[in-house]
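K.L.:
In UniProt numbering, the protein residues as written are 1 to 288.
Before I ask anything, here is the structure I am working with.
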Amino acid sequence: MEEAIATLTTPRQLRHLFVHLLVNDCILAPIDIWTMYQQHMAHDFTLQLGLNIDLGLNRTLEDLNKSLEEHGKSLSSYGLPDPISFTAEVQHELERWGHDPIGLHNRVATAIALMTHEQHFIYNQIMSSILKSESHLAFVDGKAGQGKTFLINAICDKVHSLGRIVIPTATAAFAAQLYPGGRTTHSTFKVPVNDKNEMLLSPIKPSDPCGELIKEASLIIWDKGPMVNHTVLACVNEVCRTVMQNELPFGGKIIVILGDFRQTCPIIHGGTRAQVIDAVTSAPKYTA
1 MEEAIATLTT PRQLRHLFVH LLVNDCILAP IDIWTMYQQH MAHDFTLQLG
51 LNIDLGLNRT LEDLNKSLEE HGKSLSSYGL PDPISFTAEV QHELERWGHD
101 PIGLHNRVAT AIALMTHEQH FIYNQIMSSI LKSESHLAFV DGKAGQGKTF
151 LINAICDKVH SLGRIVIPTA TAAFAAQLYP GGRTTHSTFK VPVNDKNEML
201 LSPIKPSDPC GELIKEASLI IWDKGPMVNH TVLACVNEVC RTVMQNELPF
251 GGKIIVILGD FRQTCPIIHG GTRAQVIDAV TSAPKYTA
């Protein structure tokens with residue numbers, strides 16, 4: 001393979017050679033060869049996918065498997081890993097931010113240099129949990145203009161630069177527009193809307209495209225969280241538990257909720273002060 005890398009001009013030619021050697025039983029340990037030369041065989045796909053190595057390798061495995069199928073074989077026939085099958089929505093999110101990794105990296109570096117000590121602490125705590133795949137629930141409180149959006153955008157850029165998925169949502173549509181790829185929390189989790197905010201059960205299942213996206217997300221952002229009735233929070237919590245098949249709060253996902261309790265409270269039509277306070281997401285009624 002080393003001689004082939006020096007003489008063959010394209011990764012596609014290397015893949016064809018690898019398949020030829022496999023089907024003719026010329027390789028004693030296919031997995032060792034794959035491990036040593038996978039990035040050479042995936043170089044064209046990696047470039048096409050914005051230098052996202054994981055996506056490039058996965059596309060390479062798909063291409064190799066397709067070629068092997070023409071010979072009645074498969075990757076598993078040689079002890080090679082199967083490509084990961086993503087839903088269209090997950091694939092779109094993975095590829096959406098992978099075309100400018102250098103730009104994302106530069107934006108993150110610039111943002112980190114401008115962060116306050118407190119912002120930097122929060123950034124490090126959240127990124128540490130993401131890199132370790134640890135469950136993390138955080139609430140970022142602060143008055144308007146204190147840099148919450150700036151901080152979250154830096155975290156989103158960092159997650160995207162790692163080739164991972166982040167789902168930025170907000171209670172209000174105007175706030176969702178402040179984040180790349182932002183959407184409302186209700187639409188993301190398909191939270192039903194009714195006047196009494198009772199029996200809020202989302203139809204999302206683990207096998208649904210939305211369920212797969214939530215499952216694959218490394219981070220979920222929820223801005224303007226204090227604006228919603230606590231039943232909405234409970235609904236999102238149940239969606240995550242169902243999708244992840246995990247009874248930990250929010251299914252063990254990394255969730256960052258941010259907002260300002262000094263701003264708009266949940267709206268209760270004709271409600272008393274006590275009813276409004278009871279509807280706040282921090283009420284003891286929500287104990288997940």
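Positions of the beta carbon are idealized from the N, C-alpha and C atoms, including for glycine.
Using the Cβ count rule (16 or more neighbours within 10 Å means buried), how would you classify Val159?
P.N.:
Buried is the call here.
K.L.:
For Ala42, which residues of its own chain have a beta-carbon under 6 Å away from its beta-carbon, when the five flanking residues on both sides are left out?
P.N.:
Gly56, Leu57 and Thr60
K.L.:
Exposed or buried, what is His213 when buried is set at 16 or more other beta-carbons lying within 10 Å of its beta-carbon?
P.N.:
The displayed chain sequence assigns Leu, not His, to residue 213. So Leu213 counts as buried.
K.L.:
For Ile130, which of helix, strand or coil comes out of DSSP?
P.N.:
helix
K.L.:
By how many angstroms is the C-alpha of Arg164 removed from the C-alpha of His16?
P.N.:
30 Å
K.L.:
Out of Lys253, Arg12, Asn24 and Thr116, point me to the one whose CA is closest to Ser133's CA.
P.N.:
Scanning Lys253, Arg12, Asn24 and Thr116 for the CA closest to the CA of Ser133 turns up Lys253.
K.L.:
So, helix, strand or coil for Met192, using DSSP?
P.N.:
For the sequence presented, residue 192 should be read as Pro rather than Met. Residue state, collapsed to three classes: coil.
K.L.:
Starting from Ile254, follow the beta strand (DSSP E) in both directions and report where the run begins and ends.
P.N.:
Per DSSP, the continuous beta strand (DSSP E) segment holding Ile254 begins and ends at Ile254 to Gly259.
K.L.:
Does the stretch 132-152 touch the stretch 27-46, meaning 3 or more C-beta pairs lie closer than 8 Å?
P.N.:
no
K.L.:
With a CB to CB cut of under 8 Å and the five nearest residues on each side skipped, what residues in its chain are close to Thr46?
P.N.:
Gln39, Asn52, Ile53, Leu55, Gly56 and Leu57
K.L.:
Can you tell me which of Val90, Met244, Cys235 and Leu75 puts its alpha carbon nearest to the alpha carbon of Ala29?
P.N.:
Relative to the Cα of Ala29, the nearest Cα in the group Val90, Met244, Cys235 and Leu75 belongs to Leu75.
K.L.:
Please go through the stretch 170-226 and give each complete beta strand (DSSP E) segment of 3 or more residues, from N-terminal end onward.
P.N.:
217-223
K.L.:
My parser needs the beta strand (DSSP E) runs of 3 or more residues fully inside the stretch 19-45; what are they?
P.N.:
Taken in chain order, no unbroken stretch of beta strand (DSSP E) lies wholly in the stretch 19-45 with a span of 3 residues or more.
K.L.:
Give me, in chain order, the residues of the same chain whose beta-carbon lies closer than 8 Å to that of His71; leave out the 5 immediate sequence neighbours on both sides.
P.N.:
Val19 and Val23
K.L.:
Buried or exposed: which applies to Phe174, given that a residue is buried once 16 or more other Cβ atoms fall within 10 Å of its Cβ?
P.N.:
Exposed.
K.L.:
Three-state secondary structure (DSSP) at Pro81?
P.N.:
coil
K.L.:
Would you mind reading off the limits of the alpha helix (DSSP H) that contains Ala88?
P.N.:
Ala88 to Arg96
K.L.:
When the Cα atoms are used, what is the spatial distance from Pro203 to Thr110?
P.N.:
The straight-line gap from Cα to Cα measures roughly 41 Å.
K.L.:
Identify every run of the beta strand (DSSP E) within the stretch 98-155, keeping only runs that are complete inside it and at least 3 residues long; order them along the chain.
P.N.:
136-141
K.L.:
Could you check the C-alpha separation between Cys210 and Glu69 for me, to the nearest Å?
P.N.:
31 Å
K.L.:
From Gln177 to Thr9, what distance separates their C-alpha atoms?
P.N.:
45 Å
K.L.:
If I follow the unbroken alpha helix (DSSP H) through Arg241, where does it start and stop?
P.N.:
His230 to Met244
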